[in-house]
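Report on the following structure.
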Amino acid sequence: MGNKIIKSDKEWRNQLSDLSYRVTRKAGTERPFTNDNFPKCKGRFICICCGEELFNSDHKFDSGTGWPSFYKPVNQNNIGEKDDFSLFRKRTEVICNSCDAHLGHVFPDGPQPTGLRYCINGSALKFIQHTDKQ
1 MGNKIIKSDK EWRNQLSDLS YRVTRKAGTE RPFTNDNFPK CKGRFICICC GEELFNSDHK
61 FDSGTGWPSF YKPVNQNNIG EKDDFSLFRK RTEVICNSCD AHLGHVFPDG PQPTGLRYCI
121 NGSALKFIQH TDKQ
């Protein structure tokens, strides 16, 4: 991770779709089963805001929740976690460490080997398909 990416609210609004802005910059949540339509091929998932590599398709699984789910990030240093007390309960919010984008939440009910489920808003991600050279 390099320097923190800081932009004005206007710059973020100009760069992102309305949904991606609401989710990543205002800690919103998209409706389930609306943005987990990524290709079923090898690739990586990067932050829609800054391009930081966050997750790999090898670590993606179908949780049945309606959001893209992963059992681990590409690099733990690329994401941050903080307590979220909204919805009248404690959850662990997941953010991009490069630009502070809200990505989703992590829960302790995922598959092995980690037992974690990173439940991520699809509108916070961009998929980059692996090529033969990668």
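Under our numbering, think of the first position of the sequence shown as 1, with each following residue one higher.
For each residue, glycine too, the CB sits at the ideal point set by N, CA and C.
For clarity, every value in this text was computed on a predicted model and none was experimentally measured.
What residue does the beta strand (DSSP E) around residue i start on, and which one ends it?
| i | result |
| --- | --- |
| Tyr118 | 117-120 |
| Gln129 | 125-129 |
From the DSSP output, which residues share a beta bridge with residue i?
| i | result |
| --- | --- |
| Asn56 | Arg44 |
| Cys96 | Ile79 |
| Asp84 | Arg91 |
| Phe33 | Beta-bridge pairing links Phe33 to no other residue. |
| Phe70 | Lys60, Tyr118 |
With C-beta atoms as the reference, is residue i less than 8 Å away from residue j?
| i | j | result |
| --- | --- | --- |
| Ser98 | Ile6 | no |
| Pro73 | Lys60 | no |
| Phe38 | Gly66 | no |
| Glu30 | Ser123 | yes |
| Arg22 | Trp12 | no |
| Ser63 | Arg44 | no |
| Ile48 | Leu16 | yes |
| Cys150 | His105 | Residue 150 is absent from the model: the chain starts at 1 and stops at 134. |
| Lys42 | His130 | yes |
| Met93 | Asp84 | It is worth fixing the name first, because residue 93 is Glu in this sequence and not Met. It is a contact, given that the beta carbons lie within the stated cut-off. |
| Asn121 | Leu103 | yes |
| Arg117 | Phe127 | no |
My output table needs one value for residue i: the three-state DSSP class, helix, strand or coil.
| i | result |
| --- | --- |
| Val106 | strand |
| Lys4 | coil |
| Gln15 | helix |
Which stretch, first to last residue, makes up the alpha helix (DSSP H) that contains residue i?
| i | result |
| --- | --- |
| Thr18 | The question names Thr, yet the displayed sequence has Asp at residue 18. Its alpha helix (DSSP H) spans residues 18-26. |
Could you tell me if the beta carbon of residue i falls within a distance shorter than 7 Å of some heavy atom in the ligand FMN?
| i | result |
| --- | --- |
| Gln76 | Questions concerning the ligand FMN fall outside what the structure shown contains, since it holds no ligand whatsoever. |
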